[in-house]
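These notes are about the structure you will find just below.
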Amino acid sequence: MSAPHLVLLHPPSQMDFRERPYRHWPMCNTVATSPAFEYFPLGFITLMSHLERNGFTVRIINLAVKMAKSRRFQPQALLKKLKPLAFGIGLHWAAHADGALGLAALCKRLHPDIPVILGGLTASYFHEEAIRNANVDFVLRGDSTEEPLLDLMRHIENKRSFEDVPNLTWKENGQVRINSFSYQPELLDIQVDYSLLRRHMLRDRDLRGNLFTGYHWPVYCFNMTLWCRGCKFRCVTCGGSNSALGRR
Numbered sequence: 002m003s004a005p006h007l008v009l010l011h012p013p014s015q016m017d018f019r020e021r022p023y024r025h026w027p028m029c030n031t032v033a034t035s036p037a038f039e040y041f042p043l044g045f046i047t048l049m050s051h052l053e054r055n056g057f058t059v060r061i062i063n064l065a066v067k068m069a070k071s072r073r074f075q076p077q078a079l080l081k082k083l084k085p086l087a088f089g090i091g092l093h094w095a096a097h098a099d100g101a102l103g104l105a106a107l108c109k110r111l112h113p114d115i116p117v118i119l120g121g122l123t124a125s126y127f128h129e130e131a132i133r134n135a136n137v138d139f140v141l142r143g144d145s146t147e148e149p150l151l152d153l154m155r156h157i158e159n160k161r162s163f164e165d166v167p168n169l170t171w172k173e174n175g176q177v178r179i180n181s182f183s184y185q186p187e188l189l190d191i192q193v194d195y196s197l198l199r200r201h202m203l204r205d206r207d208l209r210g211n212l213f214t215g216y217h218w219p220v221y222c223f224n225m226t227l228w229c230r231g232c233k234f235r236c237v238t239c240g241g242s243n244s245a246l247g248r249r
């Protein structure tokens, strides 16, 4: 296939977890994953679905799985071949803070002229700190950023100013700019098309890069199938519970 417009990258918790395993983050027993935290956010699928319906091609690469599955796999070799309009890096869970910023540095070292976008709940909470990182060009804030991301991609493609992209934190001539948090959709209904992962796996000839489950697949195939945003339950262990994310 031709180069995708956007490459969505899911980093491990730390980029050097194979060399320094003692630095692994503490694990939570409620998550069926390794210390690399290789499950990528469901939002990757909704972002991909929305952009592809609007003319942009997207590739998801689960680097955490690919790195955990093979010590011979080197992410820089794969990333060096890619020439997208932008790299999107998920910083949804705080466990990925080190890995996300390390991956941003790797992307910039290989492709200094390709913008790097951070997104996710942790990136949203700490957007002012994240944007000060020299390797981060944009942070999209909020839980539902399908439309702002589409707007941002159109601005990048057409080389337009970013001052009217909602929910965006960015830099202009080294100065931090924080656009209004104006995109807050009343309805959270959006298509969650899992079949895209299967089609993209065949298109890119990359099974591991499209795995939504953990590195232990197919030996251990347990996984959740989520079809909507939000949850009616209030589990104390979950940051996405009804009480945690309820609108007031």
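So the sequence shown is numbered by this note's numbering: it starts at 2 and just counts up by one.
Glycine included, C-beta positions come from ideal geometry on N, C-alpha and C.
A distance below 6 Å between beta-carbons, with the five flanking residues on each side excluded, links ILE179 to the following residues of its chain, in chain order: THR170. Under the three-state reduction of DSSP, VAL66 is assigned to helix. DSSP places HIS128 in the helix class (H, G or I) of the three-state scheme. Per DSSP, the unbroken alpha helix (DSSP H) holding GLN77 starts and ends at 76-82. In the three-state reduction of the DSSP assignment, PHE45 falls in the helix class. PHE57 and ALA65 have their C-alpha atoms spaced approximately 24 Å apart. Annotation for LYS84: ALA4, HIS112, ILE115 place their beta carbon closer than 8 Å to its own, counting only its chain and skipping 5 residues before and after. Taken in chain order, the complete beta strand (DSSP E) segments of 3 or more residues contained in the segment 152-183 are 169-173, 176-179. DSSP places ALA106 inside the alpha helix (DSSP H), whose first and last residues are 98-111.
The continuous stretches of beta strand (DSSP E) do not include HIS93, and DSSP gives it neither H nor E. The secondary-structure analysis by DSSP pairs ARG60 across a beta bridge with VAL8. With respect to ALA87, ILE132 sits apart: the two C-beta atoms are not nearer than 8 Å. Note on geometry: alpha-carbon atoms of LEU141 and MET68 lie some 26 Å from one another. In the DSSP annotation of this structure, VAL237 is not part of any beta strand (DSSP E), being labelled neither H nor E. Here the alpha carbons of LEU10 and LEU80 stand approximately 10 Å from one another.
In the structure shown, LEU119 falls within a strand segment according to DSSP collapsed to helix, strand and coil. Ranked by Cα distance from ALA106, the first of CYS236, ASN63, ASN134, HIS128 is ASN134.
The DSSP-derived three-state label of LEU86 is coil. PRO76 and LYS82 have their C-alpha atoms some 10 Å from each other. Judged by beta-carbon spacing, SER183 lies beyond the 8 Å limit of HIS97, meaning their Cβ atoms are not closer than that value. The criterion of a C-beta distance shorter than 8 Å is satisfied by VAL117 and ASP138. Burial of TYR40 is indicated by the presence of at least 16 other C-beta atoms within 10 angstroms of its C-beta.
Taking C-beta atoms as the reference points, ASN55 and LEU122 fail to come closer than 8 Å.
The C-beta separation of MET16 from LEU104 comes to about 6 Å, placing the pair in contact by the 8 Å criterion.
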